[in-house]
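Report on the following structure.
In the UniProt record's numbering, the protein residues as written are 1 to 330.
Rendered as structure tokens:
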């Protein structure tokens, strides 16, 4: 085992999770496959409608949601109870999943609320632009969100960048871009089922192609060829696993033993450790992709508890003095 890499195993999968997997697997991947076939630049923006049902989500009464509108970028603070961003000395910057094409702030509000409650920290979700916007511009949105937290007085070592699926990969990409911009790196990273390697060869060779509930290697390759590479960057230039990872802060990666992106999670963990970073890779038995996002799964709560443990064990850092009140528009 590489120094700096700790691998932890969790299981067995609960009966409820196994049942949900069995019910979803026959239909979910088919929907993803069809969506990838019809995806074209002119209709990709229609994917924004997938975020609309999230407006119907009912949050617990102790959850506060506060929008922040920057020029051409929407953020959203979500916090539970006393974890107010105006007084907190730590923040989580969260990048949602959805293959850069689906979901949004509304869809992932529930995840942000549960994460805030677990880590007792306000969560700032990033409403980054999505495909067909070029990937570098999406990453730039993430860097702008990180700059926003720094401008509000959060010390970099008191910021944790987090995300699931494509958002997990985006969290790594934002750190790489932040370093190029001579910004200090955050104190830690939490990546759930990260899509970190746009070279899909390993996904086609993975035995998890059969056990994966949602994702399709073919659909992912179509998306990469039509939008990621066409954005003007090669696979290696775009993939966080091929970035310069030396000097990265501690990282927690959670993935399922049976999901397609297990190969990305394991490769990213090895690359981080090889670069000298401290990485904890947690493999959870037979969970669906991005399982902590789904509160209905019994394993979601313990996965969030592991995130809280990771945050508690980060170096304490120095709490920066807070600046003016948050600038926002409702």
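Even for Gly, the Cβ is constructed at its ideal location relative to N, Cα and C.
Computed from a predicted model, the values in this text were never measured in an experiment.
Distance check for residue j and residue i, CA to CA, integer angstroms please.
i           : j           : result
residue 8   : residue 199 : 26 Å
residue 284 : residue 175 : 26 Å
residue 399 : residue 105 : With the chain represented from 1 up to 330, any question about residue 399 goes unanswered, as that position is not in the structure.
residue 256 : residue 15  : 16 Å
residue 221 : residue 196 : 13 Å
residue 279 : residue 4   : 6 Å
residue 138 : residue 310 : 27 Å
residue 265 : residue 190 : 12 Å
residue 12  : residue 299 : 10 Å
residue 324 : residue 85  : Below a pLDDT of 50, predicted positions are generally treated as unreliable, and residue 324, at 44, falls in that range; the measurement from the model is reported next regardless. Residue 324 and residue 85: Cα-Cα distance of roughly 12 Å.
residue 22  : residue 294 : 16 Å
residue 316 : residue 68  : 27 Å
residue 235 : residue 111 : 30 Å
residue 185 : residue 156 : 6 Å
residue 19  : residue 286 : 11 Å
residue 209 : residue 181 : 38 Å
residue 331 : residue 224 : Nothing can be reported for residue 331: it is not among the residues displayed for the chain, which extend from 1 to 330.
residue 87  : residue 267 : 38 Å
residue 128 : residue 146 : 12 Å
Ordered along the chain, which non-local residues of its own chain (more than five positions away) have a Cβ less than 6 Å from that of residue i?
i           : result
residue 212 : 259 and 260
residue 297 : 17 and 291
residue 281 : 7, 253 and 269
residue 59  : 113
Is residue i helix, strand or coil by DSSP?
i           : result
residue 64  : strand
residue 10  : strand
residue 191 : strand
residue 310 : helix
residue 327 : Any reading at residue 327 must be qualified, since the residue scores a pLDDT of 44, below 50, and its modelled position is unreliable; no value is offered.
residue 242 : helix
residue 200 : coil
residue 151 : helix
residue 256 : strand
residue 205 : helix
With C-beta atoms as the reference, is residue i less than 7 Å away from residue j?
i           : j           : result
residue 125 : residue 94  : yes
residue 158 : residue 89  : yes
residue 160 : residue 92  : yes
residue 97  : residue 167 : yes
residue 277 : residue 248 : yes
residue 179 : residue 73  : no
residue 114 : residue 245 : no
residue 101 : residue 131 : yes
residue 136 : residue 169 : no
residue 201 : residue 263 : no
residue 109 : residue 70  : no
In chain order, what residues of the same chain have a beta carbon less than 8 Å from the beta carbon of residue i, not counting five sequence neighbours either side?
i           : result
residue 207 : none
residue 308 : 118, 119 and 120
residue 28  : 213 and 214
Report all residues from its chain with a CB closer than 7 Å to the CB of residue i; omit the five preceding and five following residues, and keep chain order.
i           : result
residue 314 : 187, 188 and 250
residue 239 : 196, 197, 198 and 199
residue 227 : 131 and 132
Run the proximity test for residue i: is its beta-carbon closer than 6 Å to any non-hydrogen atom belonging to the ligand GDP?
i           : result
residue 200 : The ligand content of the structure shown is nil, which means the ligand GDP is not present either.
Check: Would the stretch 264-275 and the stretch 213-220 be scored as touching if the rule is three or more Cβ pairs under 8 Å?
Finding: No, they do not touch.
Note to self: For the stretch 112-131 against the stretch 75-84, do three or more pairs of beta-carbon atoms, one drawn from each stretch, fall closer than 8 Å, so that the two count as touching?
What the structure shows: The stretch 112-131 vs the stretch 75-84: in contact.
Checklist line | Stretch pair the stretch 57-66 + the stretch 237-255: three plus CB contacts closer than 8 Å | finding: Flag = no, the stretch 57-66 and the stretch 237-255 do not touch.
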